[in-house]
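Undergrad: Can you keep this structure in mind? I'll have questions shortly.
Residue numbers (our numbering), protein chains in the order written: chain V, 17 to 472; chain L, 17 to 472.
Below, the structure written as structure tokens:
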């Protein structure tokens, strides 16, 4: 059997993050204030440190990773690249399936790749208090871990449905010293408004973001950290794809297609953007983001300026959106319950440089169980979306006889999602239809601005 | 900073298991039947396949690992060896601390190192149904995973207190297709007897073993698999220490002391036995097993022939024991709640080739949280015992100024133990005094046999 596990030495951890902006055919569209004017850096400084804002705006292709951050990356990086021999055999496919396994990080997902530099840069800029939101708990865990390393007080608004489904995620964050609150809370205006409208509000990423941003904006000593969506977050994740490329080279492979789940976009960007650089240079590779059919921002949303949160505290960003008021069904992949898609991923999708597919919930868990039986690792529900799409493609290869090379990002393990697996195994998990009426309703509230501004 | 993460290539997975019997000053004492005569292989064949029994009895120094097993090991091996730079700094110790991290396996602990060969050998011998017990759930998960790979029907008796504390361990085993029962059950005579005596019996490893052995012995198509204690189980774990030695060599180190938790002994044997070979050849290295003060078989037990289970279904083994009727307090390190110590570890301890210490529960969790804050990984409660002892030694080094090199086996992660961490963090965890009265009572029931037999 050819190699199963392709490793790199710690000296091969990338030295730079890759900034896809340098290879985009058009520059990214600017974030706007509600009046339609580009947001000023001063406005952003209310909740972000200057050093991270610089990265957010940068068009440099390569951005140096600080040595302090690389030292911490060594606790779990480089992550393994695995050839899924057993899954291939189980499927009877001629396709070669590789996966990059990010679940080896302390918090169990790729999110630590950005939580560590975000904590580092905030500390450098003199901040020692951070707020954030978390859905599935992966981002909250990652920031709790990173905050601890830099002696930062971390305060986490956790989407209520996840808080209830995943009590052990809360304990994990607390073990690293963080404070965790089920969102919506009565600690913020955004939370109180939501609870007044519906006392049983189960929360959403968009609403939790509002709460975290509100707290950060109201205190001078406090910044806000986001686990996805923004340019600098996607940037930090590009070490995944850089490592994967080097690992594939070691076994003489290059992918025909790259897959990753797509919620806020950082998972997908992490593995796919470094391949986009090759694509810009003329190489043939297909990059596929995978989203839930119940929250299909790219495949069913509109490309428009919208808020990143429910309450309209964030700048307007041009993105594929289902409307910032859209409340996604309570699927178990909490990390994909977001109304929008990151501006960079959205623009690349709009310009047809990347693709998107949507998959239903039950089929994603079926894929996850199949993967666990073949390869051992029990994947996070978010990761199961990518696996579903890869399995579907591998089965198409079986029909066509094409020996394609497929790569996907196994972004995290499912050790804190076993209650969801339990529901699947006992036949209690359901699919949600595309909630068209809810989306139509939410899209009515889209802000009426665009860039460049239309002539009056 | 010197190297943090020391990796090996998959080609460096050991090709042979190391059999410590070849280097013991005296041959292992034989297992006995209740009449005082050595157990015959025929008797053992009722629950074990011949190929594993051969390993159980072998005195060969090196036993070849089948290629099929090595292929599966590649899913997570070689495991990383890590230098705990941040923990050293936090402690302010001149000691160098290294840990071997076995939590990267699919089931999250070292137990897969033996579950895979056990499933393989049973399949080779024509068996496709296995029973076993599990305490913390680590062994049950490991066997569920391995059974799945070889299409074996796995039936697990899970100690009731763990079954209740860890519902997600059950879901994990079921994801890999196993059947899981809270022990004591009413499916076996051993279980029914225990429940008749105490309907609220919380179970113990010794009792769950009785149930699993009873089912295996009563069916021709079914064997029994054990996660620790027996010679062949300890043998399979020796890949841990072999890899660790090679990894330390790469950075020019050799340990002054090696630590691991000690319940049934496989964790300790896995990392320590390969160093015992060096010790036999004259090298100076101290090997320390760490047990809970509430279940201190080596530090407070007697060295005598005793049953491995509560009901007396197993052969008598010469071991450090608290009495097979001893019911350990409900500590959270379920994997260490066992009345005895493996015969090989016991004999080595008796011959003063290895050492043992006992540590109390609350201090082990304090060590686990400290480790998580320094190194990221949240350790299993069993692993916290080893960490406690290492931290204590590192603090002694701080006082004495000795720059010792310390190695320990981080046998698993605590992702399924967060409820225990929650109890610790909320101040609800308690210590148990050494249950002397219970032990004294249990030791009254020790069988009256020994080897060689006393002259009549």
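Ideal placement from N, C-alpha and C gives every residue a C-beta, glycine not left out.
Looking at residue 425(L): is its Cβ nearer than 8 angstroms to the Cβ of residue 104(L)?
TA: Counting from 1 along the second chain, the entry for residue 425(L) is found at position 409. Counting from 1 along the second chain, the entry for residue 104(L) is found at position 88. No, the Cβ-Cβ distance between residue 425(L) and residue 104(L) is not below 8 angstroms.
Undergrad: Check the Cβ of residue 209(L) against every Cβ in chain V and list those closer than 7 angstroms, keeping chain order.
TA: Within the second chain, the letter at position 193 stands for residue 209(L). Under the 7 angstroms cutoff, chain V gives no residues; its nearest Cβ is about 32 angstroms from residue 209(L).
Undergrad: Thinking C-alpha only, which one of 339(V), 463(V), 122(V), 366(V) is nearest residue 457(V)?
TA: Numbered from 1 along the first chain, position 441 holds the residue referred to as residue 457(V). The option with the nearest alpha carbon to residue 457(V) is 339(V).
Undergrad: Please return the same chain residues whose Cβ sits closer than 7 angstroms to the Cβ of residue 57(L), not counting the five positions on each side in sequence.
TA: Indexing the second chain from 1 puts residue 57(L) at position 41. If we look at residue 57(L) and ignore the five residues flanking it on each side, its Cβ neighbours are 69.
Undergrad: Taking the straight line between their C-alpha atoms, what separation do you get for residue 180(V) and residue 220(V)?
TA: Position 164 of the first chain, counting from 1, holds the residue named residue 180(V). Position 204 of the first chain, counting from 1, holds the residue named residue 220(V). Roughly 13 angstroms separates the two Cα atoms.
Undergrad: Would you say residue 146(V) lies against chain L (beta-carbon separation less than 8 angstroms)?
TA: As a working note, residue 146(V) is residue 130 in the first chain. Cβ-Cβ to chain L under 8 angstroms: no for residue 146(V).
Undergrad: Nearest-angstrom Cα distance between residue 362(V) and residue 386(V)?
TA: Counted from its first residue, the first chain places residue 362(V) at position 346. Counted from its first residue, the first chain places residue 386(V) at position 370. If I take the Cα positions, the gap works out to 31 angstroms.
Undergrad: In chain order, what residues of the same chain lie with their CB nearer than 8 angstroms to the CB of residue 188(L), ignoring the 5 residues before and after it?
TA: Within the second chain, the letter at position 172 stands for residue 188(L). Cβ neighbours of residue 188(L) beyond the five flanking positions: 123, 153, 157, 160, 432.
Undergrad: So, residue 91(V) versus residue 20(L), is the Cβ gap smaller than 8 angstroms?
TA: Start at 1 with the first residue of the first chain, and residue 91(V) comes out as number 75. Start at 1 with the first residue of the second chain, and residue 20(L) comes out as number 4. In this structure, residue 20(L) lies closer than 8 angstroms to residue 91(V) by Cβ.
Undergrad: For a contact meaning CB atoms closer than 8 angstroms, what does residue 193(V) contact in chain L?
TA: Mapped onto the first chain, residue 193(V) falls at position 177. Residues of chain L passing the Cβ test: 389.
Undergrad: Would DSSP call residue 143(V) helix, strand or coil?
TA: As a first step, residue 143(V) must be located in the first chain, where it is residue number 127. Reduced to three states, the DSSP call for residue 143(V) is coil.
Undergrad: Measure from the alpha carbon of residue 285(V) to the alpha carbon of each residue in 304(V), 435(V), 413(V), 296(V), then state which is nearest.
TA: Translated into positions along the first chain, residue 285(V) becomes position 269. Comparing Cα positions, the closest option is 304(V).
Undergrad: Is residue 244(L) helix, strand or coil by DSSP?
TA: The count along the second chain starts at 1 and reaches residue 244(L) at position 228. In this structure, residue 244(L) counts as coil in the three-state DSSP scheme.
Undergrad: What does the alpha-carbon distance come out to for the pair residue 360(L) and residue 450(L)?
TA: In the second chain, counting from the first residue as 1, residue 360(L) sits at position 344. In the second chain, counting from the first residue as 1, residue 450(L) sits at position 434. Cα to Cα, the separation comes out at about 25 angstroms.
Undergrad: Starting from residue 172(V) and walking both ways along the beta strand (DSSP E), at which residues does that stretch end?
TA: Taking the first chain and counting its residues from 1, one reaches residue 172(V) at position 156. From DSSP, the beta strand (DSSP E) with residue 172(V) extends over 169–175.
Undergrad: Quick test of the definition: if touching needs 3 or more C-beta pairs under 8 angstroms, does the stretch 247–262 of chain V touch the stretch 323–330 of chain V?
TA: Taking 8 angstroms as the limit for Cβ pairs, the verdict is that the stretch 323–330 of chain V does not touch the stretch 247–262 of chain V.
Undergrad: Would you decide whether residue 218(L) is buried or exposed? Buried here means 16 or more other CB atoms lie within 10 Å of its CB.
TA: Working through the second chain from its first residue, we reach residue 218(L) at position 202. So residue 218(L) ends up on the buried side.
Undergrad: DSSP beta-bridge partners for residue 86(L)?
TA: Along the second chain, read from residue 1 onward, the residue named residue 86(L) stands at position 70. For residue 86(L), which the question treats as bridged, DSSP gives no partner whatsoever.
Undergrad: Between the alpha carbons of residue 268(V) and residue 421(V), how many angstroms are there, rounded?
TA: The residue given as residue 268(V) occupies position 252 in the first chain. The residue given as residue 421(V) occupies position 405 in the first chain. Distance between the alpha carbons of residue 268(V) and residue 421(V) is about 11 angstroms.
Undergrad: According to a CB-to-CB cut-off of less than 8 angstroms, which residues of the stretch 430–443 of chain V neighbour chain L?
TA: Within the stretch 430–443 of chain V, the residues whose Cβ lies closer than 8 angstroms to some Cβ of chain L are 431, 432, 434, 435, 437, 438, 441, listed in chain order.
Undergrad: Would DSSP call residue 197(L) helix, strand or coil?
TA: Along the second chain, read from residue 1 onward, the residue named residue 197(L) stands at position 181. Three-state DSSP puts residue 197(L) in a strand.
Undergrad: Which residues does DSSP list as the beta-bridge partners of residue 276(L)?
TA: Counted from its first residue, the second chain places residue 276(L) at position 260. BP columns for residue 276(L) point to 305(L).
Undergrad: Let me make sure I understand the geometry here. Which of 146(L), 235(L), 34(L), 213(L) has the alpha-carbon closest to that of residue 196(L)?
TA: Translated into the one-based positions of the second chain, residue 196(L) becomes position 180. Comparing Cα-Cα distances from residue 196(L) to each of 146(L), 235(L), 34(L), 213(L), the minimum goes to 146(L).
Undergrad: For residue 317(V), which residues from the same chain have a beta carbon less than 7 angstroms from its beta carbon, with the 5 sequence-adjacent residues on both sides left out?
TA: Residue numbering aside, residue 317(V) sits at position 301 when the first chain is read from its first letter. 336, 337, 338.
Undergrad: Suppose only complete runs of 4+ residues qualify. What are the alpha helix (DSSP H) ranges in the stretch 110–154 of chain V, listed by chain order?
TA: List check, alpha helix (DSSP H) in window: 128–140.
Undergrad: At the level of alpha carbons, what is the spacing between residue 294(L) and residue 143(L)?
TA: Here residue 294(L) is taken as the residue at index 278 of the second chain, counted from 1. Here residue 143(L) is taken as the residue at index 127 of the second chain, counted from 1. When rounded, the distance between both Cα atoms is 38 angstroms.
Undergrad: Should residue 118(L) be flagged as near chain V, meaning a C-beta pair shorter than 8 angstroms?
TA: Working through the second chain from its first residue, we reach residue 118(L) at position 102. So no, residue 118(L) is outside the interface.
Undergrad: I want to see whether chain V comes within less than 8 angstroms of residue 177(L), judged by CB atoms only; does it?
TA: Against the second chain, residue 177(L) aligns to sequence position 161. No, no contact with chain V.
Undergrad: What does the alpha-carbon distance come out to for the pair residue 270(V) and residue 300(V)?
TA: Along the first chain, one-based indexing puts residue 270(V) at 254. Along the first chain, one-based indexing puts residue 300(V) at 284. Whole-angstrom Cα-Cα distance: 10 angstroms.
Undergrad: Mind pulling the chain V residues with CB within less than 7 angstroms of residue 90(L)?
TA: Counted from its first residue, the second chain places residue 90(L) at position 74. Those within 7 angstroms of residue 90(L) in chain V are 20, 21.
Undergrad: Is any beta-carbon of chain L found at less than 8 angstroms from that of residue 189(V)?
TA: By one-based count along the first chain, residue 189(V) stands at place 173. No, residue 189(V) does not count as interfacial toward chain L.
Undergrad: Taking a cut of 8 angstroms between CB atoms, which residues from the stretch 30–62 of chain L lie near chain V?
TA: Within the stretch 30–62 of chain L, no residue qualifies.
Undergrad: Shortest alpha-carbon distance to residue 430(L) belongs to which of 403(L), 423(L), 395(L), 418(L)?
TA: As a first step, residue 430(L) must be located in the second chain, where it is residue number 414. Answer by Cα proximity: 395(L).
Undergrad: Would you mind sorting residue 322(V) into buried or exposed? The rule is 16 or more other CB atoms within 10 Å of its CB.
TA: Residue mapping note: residue 322(V) aligns to position 306 of the first chain, counting from 1. With 16 or more Cβ atoms within 10 Å of its Cβ, residue 322(V) is classed as buried.
Undergrad: Look up residue 392(L) in the DSSP assignment and say whether it is helix, strand or coil.
TA: Counting from one through the second chain, the residue named residue 392(L) turns up at place 376. Coil at residue 392(L), not helix or strand.
Undergrad: Taking buried to mean at least 16 other C-beta atoms within 10 Å of its own C-beta, is residue 235(V) buried or exposed?
TA: By 1-based counting over the first chain, the position of residue 235(V) is 219. It counts as exposed.
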